[in-house]
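Using this note's numbering, you'd call the opening residue of the sequence shown number 109 and step up by one each time.
What follows is a set of notes on a single structure, which appears directly below.
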Amino acid sequence: MKTRILGKDLEVSAVGLGCMGMTHASGAPADVREMTNLLAQAVDMGYTMFDTAECYTGVNLDGSTAYNEELVGQALKPYRRKVVLATKYGVQHKGDHLEMDSRPETIRKSVEGSLKKLQTDHIDLYYQHRIDPKVAPEEVAGTMSELIKEGKILHWGISEVDEEYLRRVHTVCPVTAIQNRLSMMYRDYEKLFPVLEELQVGFVAFSPLANGFLTACYRDTSQFEQSPADYRGSMPQFTKEGVEQNEDLLALIQARAKEKDATPAQISLAWMMAKRPYIVPIPGSRKLSRLKENLGAADVELTKEEVSQIDNALEHMTMSRVFGGHK
Ligand SMILES: NC(=O)c1ccc[n+]([C@@H]2O[C@H](COP(=O)([O-])OP(=O)(O)OC[C@H]3O[C@@H](n4cnc5c(N)ncnc54)[C@H](OP(=O)(O)O)[C@@H]3O)[C@@H](O)[C@H]2O)c1
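This is how it looks when you write it as structure tokens:
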């Protein structure tokens, strides 16, 4: 399996596995035994970075809470030394909105909870899930610095970060990776590339398939679970109008896939990996065949010229809005 380096020295599989959808945002939580097998198979096939978060919870049929960290921790326990566990703190789902809390005392509580659920004595990569405007960046970085000294975390990162915040925290406690949205439908954070290079910070790309849309498998959203627990049904890219507006985009990806003897998902991931060597997409899936397919994207090579042709086409085509904002 090809690997990539995040920050100065964190080696991870070139494609990581996003575990969120196993319990959260993709309908009712998946069967624990099935997901446990799937995670073991993911390790076998070469995934070494697994992405979870404190707040990726769901509600089981019996009303109990499905904790993503618990599932991931239990399933990966036999492989602990081989894998990079990445989790996040600082966000709670409150009804239909997110609440940010990165006060030192909250982070301390969160890290203990995550260590317990993950059944480990250290977290390899610990992200601030969202910026908390009520807490100074330097104070958050100070807490991360303490946790690193105490050996509870090995590296830290920030999700949905901007340049100013990244620069401020990085001077207090160097950041290993950011985790921001990046896909052919959302390219705004490409503007951070020069800063990431200057500071030697990696880019973990979340929702790299635009929540699955770029795989060209979902023109009809009726296949999603019709419940508020499946966020995809209400995402703009999957609506009837969205799909119509995105026909050129899907045609572009499908044409490139044919040329490269690859799948649309692989082209979508290979496109971002070809941009910079420190970009690591973390597509999520509950299905073995898709895990294999997505990991295979690391072997699909796009030249600089092919990437700029795609970028040029993306910049000039009509596209729908995408969940998380259109940029
Ligand atoms: N930091 C943050 O704020 C943040 C936000 C969102 C997500 N994330 C992380 O990023 C990870 C991925 O993001 P995401 O789940 O939002 O979006 P994504 O990876 O772009 O898309 C996931 C969806 O695509 C489908 N899919 C995956 N591979 C496929 C393939 N080869 N062919 C067809 N369908 C495929 C999956 O369905 P099936 O399960 O049916 O295959 C799933 O519904 C999450 O698991 C999470 O760890 C982080």
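We treat Cβ as the ideally placed atom computed from N, Cα and C, and that holds for glycine.
#1: If you drop the 5 nearest sequence neighbours on each side, which residues of the same chain put their C-beta closer than 8 Å to that of G115?
#2: List, from N- to C-terminal side, the beta strand (DSSP E) runs of 3 residues or more that fit wholly inside the region 219 to 271.
#3: Using only the heavy atoms of ligand 2, determine whether one of them is closer than 7 Å to the beta carbon of D159.
#4: Taking the alpha helix (DSSP H) that I390 belongs to, which residues open and close that run?
#5: Looking at the unbroken beta strand (DSSP E) that takes in K202, where does it start and where does it end?
#6: Once you ignore the five residues that flank A324 on each side, which residues in its own chain have a CB closer than 7 Å to its CB?
#7: Straight-line CA distance for K185 to K224?
#8: Here's the rule: buried if 16 or more other CB atoms are within 10 angstroms of the residue's CB, otherwise exposed. What is H424?
#9: With distances taken between CB atoms, is the gap from L125 to G181 smaller than 8 Å?
#10: When we look at the beta-carbon of P241 and count the other beta-carbons within 10 Å, is it buried (16 or more) or exposed?
#11: CA-CA distance, I266 and H278?
#12: Taking the C-alpha atoms as reference points, what is the distance between A378 and K257?
#13: Taking Cβ to Cβ, would you say M381 is nearer than 8 Å to A406?
#14: Can you tell me which of the three DSSP states G181 falls into?
#15: R216 to Y197, Cα distance in whole Å?
#16: May I ask whether a heavy atom of ligand 1 can be found less than 7 Å away from the beta carbon of Q200?
#17: Just checking my contact of V140 with L179 at CB under 8 Å: how many whole Å lie between their CB atoms?
#18: Is it true that the CB of V120 sits closer than 8 Å to the CB of V388?
#19: Rounded to the nearest angstrom, what separates M343 and G432 at their Cα positions?
#20: Determine, using beta-carbon pairs with one atom in the region 386 to 402 and one in the region 311 to 319, whether at least three such pairs fall under 8 Å.
In terms of the structure at hand:
#1: Indexing the sequence shown from 1 puts residue 115 at position 7. The answer, listed in chain order, is H263, P282, V283, T284, A285, Q308, V309, G310.
#2: Counting only runs of 3 or more, we get 231 to 236, 261 to 267.
#3: As far as ligands go, the structure on display features ligand 1 and does not contain ligand 2.
#4: Indexing the sequence shown from 1 puts residue 390 at position 282. Per DSSP, I390 belongs to no alpha helix (DSSP H) and is neither H nor E.
#5: Reading the sequence shown from its first residue, position 94 is the one you call residue 202. K202 -> beta strand (DSSP E) spans 199 to 202.
#6: Numbered from 1 along the sequence shown, position 216 holds the residue referred to as residue 324. Around A324: L358, I361, Q362, P372.
#7: Position 77 of the sequence shown, counted from the first residue, corresponds to residue 185. Position 116 of the sequence shown, counted from the first residue, corresponds to residue 224. Each residue's Cα considered, the two are about 12 Å apart.
#8: The residue you call residue 424 lines up with position 316 of the sequence shown. Exposed.
#9: Along the sequence shown, one-based indexing puts residue 125 at 17. Along the sequence shown, one-based indexing puts residue 181 at 73. No, these two residues do not count as a Cβ contact at 8 Å.
#10: Your numbering for residue 241 matches position 133 in the sequence shown. The residue is exposed, with fewer than 16 neighbouring Cβ atoms inside 10 Å.
#11: By one-based count along the sequence shown, residue 266 stands at place 158. By one-based count along the sequence shown, residue 278 stands at place 170. So the alpha carbons of these two residues sit roughly 11 Å apart.
#12: Locating residue 378 in the sequence shown gives position 270, counting from the first residue. Locating residue 257 in the sequence shown gives position 149, counting from the first residue. Approximately 36 Å between the Cα atoms of the pair.
#13: Mapped onto the sequence shown, residue 381 falls at position 273. Mapped onto the sequence shown, residue 406 falls at position 298. Yes, Cβ-Cβ distance for M381 and A406 is below 8 Å.
#14: Position 73 of the sequence shown, counting from 1, holds the residue named residue 181. Three-state result, G181: helix.
#15: For this step, residue 216 is matched to residue 108 along the sequence shown. For this step, residue 197 is matched to residue 89 along the sequence shown. Going by the C-alpha atoms only, they are around 10 Å apart.
#16: Here residue 200 refers to the residue found at position 92 when the sequence shown is read from its first residue. In this structure, the C-beta of Q200 stays at least 7 Å away from each heavy atom of ligand 1.
#17: Taking the sequence shown and counting its residues from 1, one reaches residue 140 at position 32. Taking the sequence shown and counting its residues from 1, one reaches residue 179 at position 71. That pair is a contact at about 6 Å.
#18: For the purposes of this step, residue 388 is taken as residue 280 along the sequence shown, with counting starting at 1. For the purposes of this step, residue 120 is taken as residue 12 along the sequence shown, with counting starting at 1. Yes.
#19: Working through the sequence shown from its first residue, we reach residue 343 at position 235. Working through the sequence shown from its first residue, we reach residue 432 at position 324. Straight-line Cα distance between these residues: approximately 9 Å.
#20: yes
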